[in-house]
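Okay, structure first, notes after.
Residue numbers (the UniProt record's numbering): 1 to 157.
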């Protein structure tokens, strides 16, 4: 059954470990494909709980089959760590979590939802473009003299 409504994860949620496992599983395909390696390798249960406390973590399903991190930044809401269980892809779960990010941005009075995706992940660029995001810039991780990520934004109002 496809979960319908996103729910917010509390910092002390018993699902923190499952969220970390979902992110690790969902991002594993990037290993050996992106340089530098994904920051998910440094993610811990404590870091997920800290994100839930300082920002927001939203999930679908119990146990979670899709998750996203949201962080308020000046003038925008940053969308990160969007992950969907491989067995649940193609069912609109990422779209639901992006819609939740848009709802949260509007509630918070923020006109833009922003994300970063790695240069190598062209399929992600296309997916986010279909969801209304446009490329607004490129960044390089410390120590790199070439772009390693692209920034995409969706203007809400």
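Built from N, CA and C at the ideal position, the CB exists for glycine as well.
Buried/exposed call for residue i, threshold 16 Cβ in 10 Å
i	result
residue 98	buried
residue 64	buried
residue 87	exposed
residue 66	buried
residue 123	exposed
residue 103	exposed
residue 146	exposed
Given residue i as reference, the closest of the options once Cα atoms are compared
i	options	result
residue 25	10, 33, 41 and 35	41
residue 39	8, 18, 80 and 19	80
residue 107	66, 19 and 156	156
residue 144	153, 18 and 37	37
residue 136	142, 123, 112 and 120	112
residue 74	105, 117 and 89	105
residue 55	31, 9, 14 and 147	9
residue 47	30, 96, 21 and 32	21
residue 115	14, 89 and 139	139
residue 29	118, 95, 4 and 151	118
residue 127	142, 90, 100 and 147	90
residue 71	31, 142, 148 and 101	101
residue 27	14, 43 and 13	43
residue 4	132, 92, 45 and 131	92
Paired residues, beta bridge with residue i - DSSP
i	result
residue 154	113
Beta-carbon separation (whole angstroms), residue i vs residue j, contact threshold 8 angstroms
i	j	result
residue 77	residue 6	Actually they do not touch by this definition, with Cβ atoms about 14 angstroms apart.
residue 69	residue 57	6 angstroms
residue 11	residue 52	4 angstroms
residue 23	residue 49	Not really, about 13 angstroms apart at Cβ, beyond 8 angstroms.
residue 19	residue 121	That pair is no contact at about 21 angstroms.
residue 134	residue 153	6 angstroms
residue 82	residue 94	6 angstroms
residue 141	residue 148	5 angstroms
Problem - Complete beta strand (DSSP E) runs within the UniProt domain "N-acetyltransferase" (5 to 157) (minimum length 3 residues, chain order) - result: 56 to 60, 66 to 73, 76 to 84, 112 to 118, 134 to 139 and 149 to 155
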